[in-house]
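Reviewing the structure listed below.
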Amino acid sequence: MEKAFILAESKYVKSSKEETTFSFICTVFFITLYVLPQYFGIPLLFFDFTVLRVMMLIMFMFVLGIKQKQEEFLGLIVKAPYSMVLLPYIIVLVYTTILRVDVNAFLNPVIEILAYYLLVYIIQNYFGVKKTLRYILIFSYLITALGLVEYVMQRSPFSYLETIKGIYSGQFIRSGYYRIMGPSIHSLGYGLILITMIPIICYDIEKDEINILKHKLLFAMAAANIFFTGSRSTLSVFILEIILLVLFSSRINKKKLLLTGSIFVAGFAAFLLVFHNTSVAQYILLQITSVLDEIFGSTFSVAYGADIEALGSSSHYRSQLKYIFKVEWLNPLIGLGRKRSFACEINGSFIRSVDNFYIAEFIRYAYPGMICYIGFLLYFLIHMLKSSIQKKSQISKMLLVGSTCYCINLLWLDSLQTLKYLYVLFAIFCCLPSDSVLEHKKVNKKIPSKYIK
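In terms of the working numbering, the sequence shown is residues 851 to 1303.
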């Protein structure tokens, strides 16, 4: 009897240790997702083993190696309604991979989709929504603080972690100013990451309400980082994001914002007036006037160092992108995949890169892939909108703003390996319990013993 008791106890202790170990691995995975750059990892001949992919592999070893976790995870994939929405896209990936003999056409998007399922699993079973949001706030403080350091250093602190060559783009300077890129591979990619963070920064977790002034210092640092990316599209989307968040705020928070915002705008204007000739003020004015030029077709930014020829060339380039759909040698049903690069002369302009995610998806996976993926995005955006209206859920509104603005920004950019940050917002939305928006709710969790802490 005594031996039987000891064996039973050791079984439970092992289970408890497994849970503790896996919970720790989940935390490291989440840290890796946000904080460590994509060029940090193990370079291999045919496949780069980034640190994020290493952590995903470790997590899969745990999930698939423990029967209970295996059943939970596979059950999540099979039963989730969005899996059926994703299925047509997966089919397109499969036949494109086979017909174009391009493994990356399947692997690259599927790895990000698997990361999404892992995020849903760990938020639902280990973190809960509140803890997840708090983690993102901590990461936001770290990343934006390092972004300010990067602007001063004129080099990304994350670049010292470069172990996989050919991904880190190095210093990027436009109109004489350095553009920060944070942990991303490009300043535009970093802007996309920040767009997904802004709504969470403007959210009061305890009160379950949108409050732009909740984390004032963090908001100021994030806004400065967006300016220093030097991306006109990101700055424009950021302004739209703030307008939407203000509209979704309560009347009391709007009044507070009006007072504080008036003081901030006055102080900001005074700063630009007094320090007009400094490099920081000139750079901020360049970004603001560049956005105005983009909207009104003006040339205000030239006074602050913008190249008028480059502006005209950029505008002409974007006007030609829509004609890619009419390129005769592109198959409308079978895309090029990811191995083959796109280059084509359109109306006298030679286009090599495509700064529009949706058009790039058309090139990679043709109309079926583009339409299926847009359908996947719309599935979540529509459900977030329904939750915002029917349940009047503030957190759903916050997630809707972040997701919508990210998708809007993709009209001017490719995803630049940042879709996983959009998937974080999707995963949080999927884990919102129906009875209480923010309370952590575990699903089918077995507690081995009430006596083991």
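Just so you know, even glycine gets a beta-carbon here, dropped at the ideal spot from N, CA and C.
What does residue i pair with, by DSSP beta-bridge criteria?
i	result
R1214	R1214 pairs with nothing; no bridge assigned.
S1199	I1196
I1035	Bridge partners of I1035: none, in fact.
Y1027	R1024
Y1053	I1060
Relative to the C-alpha of residue i, which residue among the options is closest?
i	options	result
K1057	F1088, C1194, K980	K980
L1136	G1026, M1031, L1042, S1237	G1026
L1360	T870, M1248, R903	No answer is possible for residue 1360: it lies beyond the span of the chain, which begins at 851 and ends at 1303.
Y945	Y932, G1252, R1214, H1233	R1214
L926	L949, I941, Y967, L943	Y967
Y1256	Y1273, Q1240, I1245, Q1244	Y1273
G997	A1119, Y932, I1174, F1077	F1077
L1068	F1022, I988, P938	I988
N975	S1009, A930, M1003, F923	F923
F1168	F1118, F1226, I1239, N1197	Just to set this straight, residue 1168 is Arg in the shown sequence, not Phe. For the residues F1118, F1226, I1239, N1197, the minimum Cα distance to R1168 belongs to N1197.
F977	G1219, F874, Y991, L949	F874
Q1313	P1033, D1157, F1125	Since the displayed the chain opens at 851 and closes at 1303, residue 1313 lies outside it and no answer follows.
F897	I940, Q918, V953	V953
Which of the three DSSP states is assigned to residue i in this structure?
i	result
D1143	helix
P1283	coil
I1017	coil
K1303	Reliability of the predicted coordinates at K1303 is poor, the pLDDT of 37 falling under 50, and no value is obtained from them.
E1000	helix
R1168	helix
E1091	helix
I1232	helix
I986	helix
Q1267	coil
I1224	helix
N1127	coil
A1156	coil
G1219	helix
G1252	helix
Could you check whether residue j and residue i sit closer than 8 Å to each other, using their CB atoms as the reference points?
i	j	result
L1249	I1224	no
I1035	L1266	yes
L1108	I1062	no
G1041	S1081	yes
N1259	S1083	yes
C876	I963	no
S1037	I1048	no
V1177	D1264	no
G1185	A1216	yes
T900	F912	no
G1252	T1046	yes
S1086	V999	no
Less than 8 Å between CB atoms is the rule here; does residue i satisfy it with respect to chain E?
i	result
Q1132	The chain labelled as chain E is not found in the depicted structure, where only one protein chain is given.
Alpha helix (DSSP H) runs wholly inside the region 861-949, at least 4 long, in chain order: For the region 861-949, whole alpha helix (DSSP H) runs of length 4 or above, ordered along the chain, are 901-915, 917-929.
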